[in-house]
Amino acid sequence: MFILKAIGSLFVKLWRWIKETAWVQPLLIVGAIFALIFSIPSITSWVGSWDFSTENSYYLSKKLTLESEGDDDTSSSAADVFTNSLYKNTLAAYEGRYDDIDLGDQEQEKYFLLFVGENCDPCKKAEEGFKELDENWGSIYRPSDGNKLAIHTIFSDEESSTDSKYSNTTGDTAFQRYLLIHSLFFNETSEWLSTNTPYKGNNGVSDDSYMNYGAPNTEDFTVPAVLLVDYTKEAQEQGRAGVSEIIFSVSGDSKQAKANNLLNMWNHTDTGAAGIKNPFCLNYMK
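Numbering follows my numbering, in which position 45 of the sequence shown is assigned residue number 45; successive positions increment by one, without gaps.
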């Protein structure tokens, strides 16, 4: 007890001396500043040791969550709210009612919407392409329309706290319930994408992927499913606004090649043999 009091008394005297000795205070401040400067490399190294490179970390940063997913059209997860806006605006676009498109707070004029899974190898392979595209958008990868890049993801294997409530129903997973709630959206866009888009010919995508997308269930739904949503004036002029393209893989032997393929998708160009009839491609090459 006596030792603790002695130590406490020493610190009190030292603090009193510092307060009463004016010339010491600036020296202490300068010393603290230099100590902070010299410690920056150590702090940087420490922060750099944190694992921000885990699988799906890029996708997770763009996620529209299925948390609190219900089983009817009153469900209000972030994915539900976003998809409701997307369906309303895409339907207006498909019907040529462009004045009825209202992006509000949910949607941008143009963006990618990805359906991915955590344990999906093709999704992991595609991720580096999206990250490369995002990090170098506007410099290495320049869009023909000047729009900012926007990307959103929905995870097909995300668990929700409401899952236990539906454990004995057909909608036993959050994504299954999401698919059932938004079946009209998937049916409508599937019909459009499989018959009206030149990009369908790219990469030799099989009809099965479109069928599974249009009549979805969690077992057959193909991930990744990469949608391009385009409400731009050019898309409206070509009669291709709304959900306008889809691919089910991102080809390329490197992240740069994958990013270039995604840029081509964004520009609606490089659609293989189908490009002969692609008005976007013809317009872009003028």
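In this text, a Cβ means the ideal position worked out from N, Cα and C, and glycines have one as well.
Roughly how many angstroms separate the alpha carbons of Trp266 and Pro143, rounded to a whole number?
7 Å
How would you write the range of the beta strand (DSSP E) that Val243 sits in, first residue to last?
Looking at the DSSP string, the run of the beta strand (DSSP E) that includes Val243 is Gly242 to Ile247.
Taking all protein chains shown into account, decide if Arg240 is buried (16 or more other Cβ within 10 angstroms of its Cβ) or exposed.
buried
DSSP three-state assignment for Thr153, whether helix, strand or coil:
Reduced to three states, the DSSP call for Thr153 is strand.
To the nearest angstrom, how far is the alpha carbon of His287 from that of Glu118?
Here the chain covers residues 1 to 286 and nothing more, so residue 287 does not appear.
Once you ignore the five residues that flank Ala150 on each side, which residues in its own chain have a CB closer than 8 Å to its CB?
Listed in chain order, the non-local C-beta contacts of Ala150 below 8 Å within the same chain comprise Gln108, Lys110, Tyr111 and Phe112, local neighbours out to five positions each way being set aside.
Spatial neighbours of Thr44 within its chain, please: C-beta separation below 7 Å, excluding the five flanking residues on both sides.
In this prediction, Thr44 has a pLDDT of 42, which is less than 50 and means its spatial position is unreliable; nothing more can be read from the coordinates.
Hey, could you find the ends of the beta strand (DSSP E) Tyr111 is sitting in?
Lys110 to Val116
On the criterion of 16 or more Cβ atoms from any shown chain inside 10 Å, does His268 qualify as buried, or is it exposed?
buried
Helix, strand or coil for Tyr141, going by three-state DSSP, please let me know.
strand
Val226, enclosing beta strand (DSSP E) - first and last residue:
Ala225 to Asp230
Could you round the C-beta distance between Cys120 and Pro224 to whole angstroms and report it? I think they count as a contact, below 8 Å.
7 Å
Decide if Ile247 is buried, meaning its Cβ has at least 16 other Cβ atoms within 10 Å, or exposed.
buried
If contacts are defined as beta-carbon pairs under 8 Å, then Ser160 and Leu66 qualify, I think. What distance do you get, rounded to the angstrom?
Going by Cβ atoms, the distance from Ser160 to Leu66 rounds to 5 Å, so yes, they are a contact pair.
Going along the chain, which residues of its own chain have a beta-carbon closer than 6 Å to the beta-carbon of Thr153, five neighbours each way excluded?
Tyr59, Lys62, Lys63, Leu114 and Val116
Cβ contact check for the segment 83 to 90 and the segment 100 to 107: 3 or more pairs under 8 Å
yes
Just curious, the alpha helix (DSSP H) that Pro216 is in, first and last residue?
Premise fails: Pro216 is in no alpha helix (DSSP H) and is neither H nor E.
With distances taken from CA atoms, which of Gly252, Gly214 and Asn84 is nearest Asp105?
Asn84
Leaving out five residues before and five after Thr218 in sequence, what residues of the same chain have Cβ atoms less than 8 Å from its Cβ?
Ser156, Thr173, Phe175, Gln176 and Leu179
Could you tell me the alpha carbon to alpha carbon distance between Phe82 and Ala257, rounded to whole angstroms?
30 Å
What is the DSSP secondary structure of Lys63, counted as helix, strand or coil?
Note: Lys63 maps to strand in three-state DSSP.
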